[in-house]
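Visitor: Let me give you the structure first, and then I'll get to my questions.
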Amino acid sequence: MSYLEEKSDVLNTAAALLHQKGLYPVAAHPAYYSCLQLMKHIWLHSMEKTEQELTRQQSSHKLLIRSVGEMIKKSSVANFYVFRGNILKLKKLRTDADYSNMPFDVEKSARALSLSRSIIPILKNY
Numbered sequence: 009m010s011y012l013e014e015k016s017d018v019l020n021t022a023a024a025l026l027h028q029k030g031l032y033p034v035a036a037h038p039a040y041y042s043c044l045q046l047m048k049h050i051w052l053h054s055m056e057k058t059e060q061e062l063t064r065q066q067s068s069h070k071l072l073i074r075s076v077g078e079m080i081k082k083s084s085v086a087n088f089y090v091f092r093g094n095i096l097k098l099k100k101l102r103t104d105a106d107y108s109n110m111p112f113d114v115e116k117s118a119r120a121l122s123l124s125r126s127i128i129p130i131l132k133n134y
């Protein structure tokens with residue numbers, strides 16, 4: 009298990025604990041980043057790309073989503089559609105939780121956790 013996979017597991021656990029404690033806006037952040045860590049793991053290990061290639065990009069999150077999505081699509085179109093739709097929804101929830109001047113309640117937090125839980129098993133296949 010890589011350090012990124014370990015971090016993903018820790019972030020996933022943290023998201024669930026934060027949600028349970030009623031810290032709803034804060035739960036969305038680790039829910040998203042648990043997926044991002046797995047995408048970075050795929051980038052480095054399965055795609056055999058480098059940290060430098062990723063850090064040279066202005067939008068590393070968009071690059072990871074697009075590149076990992078393309079990889080998933082080559083082996084499973086069904087998994088690609090689940091991944092692509094859900095990661096974009098989760099990213100939007102994380103952005104809303106972190107930056108928006110709107111309430112972020114139990115339903116939104118639960119949705120972030122649910123989306124993350126639907127994405128992680130797909131990413132772990134790669």
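Each residue of the sequence shown is one higher than the last, beginning at 9 in the working numbering.
Ideal Cβ placement from N, Cα and C applies to all residues, glycine included.
1. Compute the beta-carbon to beta-carbon distance between Ser117 and His37, rounded to the nearest angstrom, for a pair I have assumed lies under 8 Å.
2. Reducing DSSP to helix, strand and coil, say where Pro129 ends up.
3. Measure the alpha-carbon distance for Arg74 versus Val18 and round it to whole angstroms.
4. So what does DSSP say about Gly30, is it helix, strand or coil?
5. Residues in its own chain within less than 7 Å of Asn87 by CB, not counting five upstream and five downstream?
6. Count the other CB atoms, across all protein chains shown, that sit within 10 Å of the CB of Val114; report buried if there are 16 or more and exposed otherwise.
7. What separation, rounded to the nearest whole angstrom, lies between the Cα atoms of Tyr134 and Ser42?
8. Using a Cβ-Cβ cutoff of less than 8 Å, which residues in the same chain neighbour Ser54 once the five nearest sequence positions on both sides are dropped?
9. If you follow the alpha helix (DSSP H) that Arg74 is in, where does it begin and where does it stop?
10. When burial is assigned at 16 or more other CB atoms within 10 Å of the CB, is Val76 buried or exposed?
11. Which word fits Ser124, buried or exposed, when buried means at least 16 other C-beta atoms lie within 10 angstroms of its C-beta?
Guide: Let me spell this out:
1. With a Cβ gap of about 10 Å, Ser117 and His37 do not count as contacting.
2. helix
3. 24 Å
4. coil
5. Ile80, Ile130
6. exposed
7. 15 Å
8. Only Met79, Tyr134 meet the Cβ criterion.
9. 68 to 83
10. buried
11. buried
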